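Protein chains in written order, with our numbering: chain A, 1 to 84; chain B, 1 to 423.
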């Protein structure tokens, strides 16, 4: 999967947790989940669980801690997909 | 100086009507909200009927944010949010606020957190999948879930309390809100209670053999308070809420005033003198009513209507006996008495708030709602009070003072006195 494909799919993963639709539509590597998408920090857990289910991967605690902006989310997901 | 406390907003999610206009129409016309529940037959319950609001889950999207809606599963929370936000809007208050309302608090009760939500937790933990529970389960399995959603949505910044006292919860919530305002701690309180009877809660009552089981094929006839053929109560689900305000606060903003809370009392019979975990000590019940009347400055003869607890068990006769004794009247001198439960069943924690909303509507619209399924009044009750005290059809009349009481497991009692608002 290309990074762009993952980015497009992440829009669907983030959608239920953000009310900032404009930032969601303009998603890029630098988009910050909390600062830009206004996602409640407690919901980052739900995003990780949803991503695990979507890609059938397991995201360990250390990797999850890195998933703060879209670029790092894609990094972690690509890495886990490559390990499969 | 003690403040006067008035009711300025109402909201309800009842098995026989959601929203005030639908509920008013239902109680005026004796509309039953009791249905046959196929699942309860499948689960081998003895009672297979229940009062369930005709609630459309997606309607919640008009009340809370998309993000909050996503992941919400607790039905009792959904009922509570709906009733509370409807009452808030009915009082002419705006949902949106940047600053917390420091002068407004919330007392909202329930008996158990949503056990469907709890079941999800138990299943995942037992399957060694606790990691997959996500972030939204604590708020839905904690007892204060309903209160937290309501106060968060509206930005309530005064005392926010979840109360629980079994079937006395709803009346007690209103009383607690009343007391905060009366003593000057808050200018406004959003009060009420909610209850969702899922199969697990239902099953625990079914096991006690206290539920109606002879009318499974005639659900609308199953809830029969004060009837000779009353054979147990019918569990019901729902919620109701009221906005209570310091009279001065309400007048200053030009609010519409429905009625006044004159006073109330909440106590326990101490599980002594005939009182047990499940039965009330008559001395406690009578003391509670007496204290409520004294606190309100109301004489027993002034009561136009008693909205009883009256669940359709053997306790109905004892309840009427207690009212008669504490009010010092019987036969034709006894006030009119009715039970909303004949139409909606026993909504446990939500009973007191839904039934209190019914009291206010009877004061505002000048009527006494019928007791349905009372073609055969219990002769032992007719030995105490006259049959004319038990309306079977709606009576149009001026209603100035209503006494509302609920009694719960643990031998707890709550009584409120409502009055037409007089400047």
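For each residue, glycine too, the CB sits at the ideal point set by N, CA and C.
All of these numbers come straight from a predicted model, not from anything done at the bench.
I want to verify the contact list: residues of chain A whose CB lies under 9 angstroms from the CB of residue i, in sequence order.
i, result
"residue 95 of chain B", "Those within 9 angstroms of residue 95 of chain B in chain A number zero; the least Cβ separation is about 15 angstroms."
State the DSSP-derived secondary structure class of residue i, mapped to helix, strand or coil.
i, result
"residue 53 of chain B", "coil"
"residue 32 of chain B", "coil"
"residue 76 of chain A", "helix"
"residue 58 of chain A", "coil"
"residue 256 of chain B", "coil"
"residue 188 of chain B", "strand"
"residue 316 of chain B", "helix"
"residue 195 of chain B", "strand"
"residue 115 of chain B", "helix"
"residue 66 of chain B", "helix"
"residue 5 of chain A", "helix"
"residue 512 of chain B", "This structure cannot speak to residue 512 of chain B, because chain B is shown only from 1 to 423."
"residue 129 of chain B", "coil"
"residue 438 of chain B", "There is simply no residue 438 of chain B to check, as chain B begins at 1 and stops at 423 in what is shown."
"residue 202 of chain B", "helix"
"residue 411 of chain B", "coil"
"residue 45 of chain B", "coil"
"residue 337 of chain B", "strand"
"residue 346 of chain B", "strand"
"residue 268 of chain B", "strand"
"residue 145 of chain B", "helix"
"residue 215 of chain B", "coil"
"residue 332 of chain B", "coil"
"residue 97 of chain B", "coil"
Can you confirm whether residue i, when its beta carbon is compared against all beta carbons of chain B, has any partner nearer than 8 angstroms?
i, result
"residue 42 of chain A", "yes"
"residue 13 of chain A", "no"
"residue 55 of chain A", "no"
"residue 31 of chain A", "no"
"residue 46 of chain A", "yes"
"residue 49 of chain A", "yes"
Would you say residue i faces chain A, with C-beta separation under 8 angstroms as the test?
i, result
"residue 134 of chain B", "yes"
What in chain B is Cβ-close to residue i, meaning under 8 angstroms?
i, result
"residue 95 of chain A", "Nothing about residue 95 of chain A can be read from this structure; chain A reaches only from 1 to 84."
If I'm right that residue i touches residue j with Cβ under 8 angstroms, what's the distance once you round it to whole angstroms?
i, j, result
"residue 470 of chain B", "residue 120 of chain B", "Residue 470 of chain B is absent from the structure shown; chain B starts at 1 and stops at 423."
"residue 168 of chain B", "residue 407 of chain B", "6 angstroms"
"residue 10 of chain A", "residue 27 of chain A", "7 angstroms"
"residue 225 of chain B", "residue 339 of chain B", "4 angstroms"
"residue 345 of chain B", "residue 50 of chain B", "7 angstroms"
"residue 394 of chain B", "residue 367 of chain B", "5 angstroms"
"residue 105 of chain B", "residue 175 of chain B", "Wrong, their Cβ atoms sit about 14 angstroms apart, outside the cutoff."
"residue 222 of chain B", "residue 212 of chain B", "5 angstroms"
"residue 87 of chain A", "residue 134 of chain B", "Absent from the structure is residue 87 of chain A, since the part of chain A shown begins at 1 and ends at 84."
"residue 45 of chain B", "residue 198 of chain B", "Residue 45 of chain B to residue 198 of chain B, Cβ: 12 angstroms. No contact."
"residue 100 of chain B", "residue 145 of chain B", "Rounded, the Cβ-Cβ distance is 19 angstroms, inconsistent with contact."
"residue 385 of chain B", "residue 330 of chain B", "6 angstroms"
Any heavy atom of the ligand NAD closer than 7 angstroms to the CB of residue i?
i, result
"residue 58 of chain B", "Of the ligands one can find in the structure shown there are none, so the ligand NAD has no counterpart to examine."
query = the region 52-71 of chain B: which residues have C-beta closer than 8 angstroms to a C-beta of chain A, in chain order?
reply = 65, 66, 67, 70, 71
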